[in-house]
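> Quick note: the sequence shown, position 13, residue 12 per numbering that gives the first Met the number 0, numbers continuous.
Virtual Cβ for every residue (Gly too), placed ideally from N, Cα, C.
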Amino acid sequence: MELNEYNVKAINDAYKNAHIALQSISDLIPSVKSEEFKKELQEQYEGYEKIIGKISTFMAEQGLEPKDINPMKKAMLWGSIKMKTMFNDSQNQAAEMMINGTVMGINELTAMKNEKENLHDEVAAFIDEILTLEEEYEQRLKKYL
C-alpha cells in the first residue's frame, strides 16, 4: 500500500502532535511539585510514547521517516514553559498549560478526522487513537486545576 501525499502529511502531523505533547511533558515535569500530578504526567508521557512507537513502526513499514519537531519550535516550547513556570509554578498553572496544549491537539486531530473520506483507514485509526487519548487526558487534567 502506498500512501498519497495527503495521508503522508496526516500521519506526520499525528506523529508531531503526540511528539509535541511528549516534549511539553518532559519540559514541565521538573517544575511540578505534587507527586500525584507528576505521576499523572508520567502516565500521559507513557501513553504518548506508546502511540509514537506505533506510528513510527507504521511509517517505517511505509518507507517513511517521521519528521521531528522543528528545533526552533522545540526551543520556543521549552522557553514558554520555563517562563510561565518561573513566575507561577503552581499546580493550577501547570495543569492549565497542559489542558491548553491538549485542547489544541484535540482541535488539530478533529480537523484531520473530519477529512476522513481522504484518509487511509490505518491513518484514520491512528488519528482516532490519539484523539481518544487526548480527550481522556484533558478530562483527567481538570482535577489538577
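Quick one, which of Ala124, Thr131, Ala94 has its alpha-carbon nearest Lys38's?
Measuring from the Cα of Lys38, the nearest candidate turns out to be Ala94.
> Per the contact definition of three or more C-beta pairs closer than 8 Å, is the segment 123-138 in contact with the segment 46-64?
Yes: the two stretches touch, three or more of their Cβ pairs being nearer than 8 Å.
> Could you pull out every residue in the same chain whose Cβ sits closer than 7 Å to the Cβ of Gln43, ignoring the five residues on either side in sequence?
Within the same chain, Gln43 has close Cβ partners Ile24, Tyr136.
> Looking only at its own chain, which residues have a Cβ that is under 8 Å from the Cβ of Asp12, when we skip the five neighbours before and after it?
Result list for Asp12: Glu107, Met111, in chain order.
> If we count the other Cβ atoms within 10 Å of its Cβ and call it buried at 16 or more, is Thr109 buried or exposed?
That one is exposed.
> Nearest CA to the CA of Met97: which residue from Asn69, Ala124, Glu64, Leu27?
Comparing Cα positions, the closest option is Leu27.
> To the nearest angstrom, how far is the alpha carbon of His119 from that of Ile68?
Distance between the alpha carbons of His119 and Ile68 is about 23 Å.
> For the alpha helix (DSSP H) containing Lys37, list its first residue and its last residue.
It spans 34-60 - the alpha helix (DSSP H) in which Lys37 sits, taken as one unbroken run.
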